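Single-structure report; data block below.
2 protein chains.
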Amino acid sequence: MISKNRIKFIRSLHRKKERIQHQKFIIEGEKPVKELLASDTAFDSIYFTENFASKHIEINGTLISGKEMESISVLKTTPGILAIGDVLRWKKPNFEVGKYIFLDRINDPGNLGTIIRIADWFGFDGIVCSKGSVDIYNPKVIQASMGSIFRVPVFYEDFDLLLPQVYQKIEIIGADMKGEAIQTFKFPKNGFLLMGSESHGISKGLHQYLRHKVTIPKYGKAESLNVAVATGILANQFING
Amino acid sequence: MISKNRIKFIRSLHRKKERIQHQKFIIEGEKPVKELLASDTAFDSIYFTENFASKHIEINGTLISGKEMESISVLKTTPGILAIGDVLRWKKPNFEVGKYIFLDRINDPGNLGTIIRIADWFGFDGIVCSKGSVDIYNPKVIQASMGSIFRVPVFYEDFDLLLPQVYQKIEIIGADMKGEAIQTFKFPKNGFLLMGSESHGISKGLHQYLRHKVTIPKYGKAESLNVAVATGILANQFING
């Protein structure tokens, strides 16, 4: 059972404005909720359906009807389990040591979630999105990240302010069609991998801060690669040399 | 203007069964429709809205209202242009020469579309999906492929029948957590890159046909990579060595 007021509250978290106001977000699905429980993240409640409970391990939460679940779920097909978590609070690093993925104007939530998962796989120290990029608590980001949001720090920064401050100390490597082939480029030990938007590339104003430009050689005819795929290929090269 | 019967026909193409029956499929969006026009694919009609026409180049097609477009579109937000194409007919190769991506039980349409785009970027000779995989004419595949479906041959085969016939002549390289690190593995000139399903890996019965197993070394904690991202990393290594 779940009260009408509570349903209304959870539904309000479908919207970014209310997520910011309440500092809460929705996590759906068995794997993401398990990862939430395994993390240090504070959460406020877990709801599940009888259908979910009959097929999965025991979860400490509130049993609700399938119809109630549908009314609070963000997804077309609800996985039968939903948690409300507190927004994540990562301590901001000085960025001078470590490997970071910088995303300039990323707007597809599935791509951001997939890139968080990539950063988690390769052990990057964090992801930095430019202001105005898609919200990390967008349900599609959560879903695509497959639980990696609980392990990879994600920050939002104004690149026009941050990059001028750091580019002389940190090697910034930009993905650019005119860059050096990744097979011959020698990636540094620390640095930022900067990915531009799929349709417009890296913002013009930021090119001056790039120490290096790299590209993934093309042999066929596609105009571009999906940005998460390109990030995966560059991240693999950055980490594995 | 578009007749009610025509609307009904186009709407029927939202379903796989009717796509197969009529041998037609829907292509939406400016870029995919442009790629259709640039290809040899036969198509039967193009519809666009006034709103689309006012912002884009001239298209030879039928002007319909925004409301009519919504009624035939598969997408939540219609791009204002939609074409009906004839299903693609690729000549089946003997597979003995060339580089192919084999997908065992891929079910996410976005991932299949993204992999078609990867194959197009790197110049693979084609993609082969196991029987029962997601339909290439699923609108989400078309959208994610960004027009690459018109350039990359995609086939559906029963792997349990095909692989036993060819594995002694063709090097089949399977993506497997227990495989050799891709950084040290020497990819052959021709061969099949076989990707398993994201949740279950390569089917057990197919392991006997793998000449090699390769893996993308992990340094962090994510359980897995998205299958399109993993395919992109392996494809890059296969092509660029």
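If you read the protein sequences in the order shown, they are chains A and B. Just so you know, the first sequence maps onto residues 0 to 240 in numbering that gives the first Met the number 0. Just so you know, the second sequence maps onto residues 0 to 240 in numbering that gives the first Met the number 0. All C-beta atoms, glycine included, are put in the ideal place defined by N, C-alpha and C. Everything numeric in this text was worked out from a predicted model, so none of it was measured.
From what residue to what residue does the alpha helix (DSSP H) around M194 (chain B) run? That residue, M194 (chain B), is in no alpha helix (DSSP H); its beta strand (DSSP E) goes G190 to M194.
Figure out for me which residue from A:K33, A:V153 and A:L111 has the closest Cα to the Cα of A227 (chain A). It is A:L111 whose Cα lies nearest to the Cα of A227 (chain A).
Beta carbons nearer than 9 angstroms to chain A: which residues of the stretch 206-236 of chain B have them? I215, P216, K217, Y218, G219, K220, A221, E222, S223, L224, N225, A227, V228, A229, T230, G231, I232, A234, N235 and Q236
How big is the Cα-Cα spacing for L193 (chain A) and L233 (chain A)? 10 angstroms
Please list the segments of the beta strand (DSSP E) lying wholly inside the stretch 187-231 of chain B, counting only runs of 3 or more residues, in order along the chain. 190-194 and 211-214
Taking 8 angstroms as the cut-off, decide whether the C-beta atoms of D107 (chain A) and S129 (chain A) are in contact. no
Just how far apart, CA to CA, sit V213 (chain B) and Y155 (chain B)? 24 angstroms
Determine which residues share a DSSP beta bridge with F101 (chain B) and list them. Beta-bridge analysis with DSSP links F101 (chain B) to B:V127 and B:L193.
Residue-level contact to chain A via CB, W120 (chain B), 8 angstroms cutoff: It does: the Cβ of W120 (chain B) has a partner Cβ on chain A nearer than 8 angstroms.
Straight-line Cα distance separating I171 (chain B) from I6 (chain B): 46 angstroms
For I117 (chain B), which residues in chain A fall below 7 angstroms Cβ to Cβ? L224 and V228
Roughly how many whole angstroms lie between the Cα atoms of W120 (chain B) and G231 (chain A)? 15 angstroms
Pair within 8 angstroms by beta-carbon distance, I58 (chain A) and I80 (chain A): yes
For R14 (chain B), count the other beta carbons within 10 Å of its own beta carbon; 16 or more makes it buried, fewer makes it exposed. Which is it? By the neighbour-count rule (16 or more Cβ atoms within 10 Å), R14 (chain B) is not buried but exposed.
Return the residue from the list B:V153, B:K177, B:I181 and B:Y136 that minimises the CA-CA distance to R18 (chain B). B:Y136
If I measure Cβ to Cβ from P163 (chain A) and keep anything under 8 angstroms in the same chain, skipping five residues before and after, which residues do I get? Counting only residues of its own chain and dropping the five nearest sequence neighbours on each side, P163 (chain A) has a CB closer than 8 angstroms to the CB of Y208.
S11 (chain A), enclosing alpha helix (DSSP H) - first and last residue: K3 to S11
Quick one: list the residues of chain B neighbouring S147 (chain A), beta-carbon separation under 7 angstroms, in chain order. Those are A221, listed as they occur along chain B.
Does any residue of chain A bring its CB to less than 8 angstroms from the CB of N239 (chain B)? yes
What residues in its chain sit with their C-beta under 7 angstroms from that of L35 (chain B), if we drop five residues either side in the sequence? Closer than 7 angstroms at Cβ, skipping near neighbours: I26, F42, A82, G84 and F149.
Pull the bridge partners of S44 (chain A) from the DSSP assignment, please. Bridge partners of S44 (chain A): A:I83.
Here's the rule: buried if 16 or more other CB atoms are within 10 angstroms of the residue's CB, otherwise exposed. What is K23 (chain A)? buried
In chain B, what lies closer than 7 angstroms to R150 (chain A) by C-beta? K220
Between which two residues does the alpha helix (DSSP H) carrying F149 (chain A) extend? From DSSP, F149 (chain A) is part of no alpha helix (DSSP H); its letter is neither H nor E.
Is there a C-beta anywhere in chain B that falls below 8 angstroms from the one on T183 (chain A)? False, the Cβ-Cβ gap to chain B never drops below 8 angstroms.
Closer than 8 angstroms, CB to CB, is F109 (chain A) near chain B or not? In the sequence as displayed, the identity of residue 109 (chain A) is Gly instead of Phe. G109 (chain A) counts as touching chain B.
V96 (chain A) to V127 (chain A) span [Cα, whole Å]: 14 angstroms
Excluding the five sequence neighbours on either side, which residues of its own chain have a C-beta within less than 6 angstroms of the C-beta of G195 (chain A), listed in chain order? Closer than 6 angstroms at the Cβ level, and outside the excluded window around G195 (chain A), lie D103 and I201.
Determine the burial state of R88 (chain B): buried for a count of at least 16 other Cβ atoms within 10 Å of its Cβ, exposed for fewer. exposed
With respect to 7 angstroms, is the separation between the Cβ of I1 (chain A) and the closest non-hydrogen atom of the ligand NAP below this value? Absent from the structure shown: the ligand NAP. Ligands present: none.
Give the secondary structure of D119 (chain B) by DSSP, where H, G and I count as helix, E and B as strand, and everything else as coil. helix
Could you give the first and the last residue of the continuous alpha helix (DSSP H) run that contains F51 (chain A)? E49 to K54
Under the rule that 16 or more other beta-carbon atoms within 10 Å means buried, what is T113 (chain B), buried or exposed? So T113 (chain B) counts as buried.
Which residue wins for smallest C-alpha separation from T40 (chain A), given the options A:A118, A:G146 and A:K139? Check the Cα spacing between T40 (chain A) and each of A:A118, A:G146 and A:K139: the tightest is with A:G146.
Around the Cβ of M68 (chain A), are there at least 16 other Cβ atoms within 10 angstroms (buried) or fewer (exposed)? That one is buried.
If you measure between the beta carbons of V140 (chain A) and V133 (chain A), is that distance less than 8 angstroms? yes
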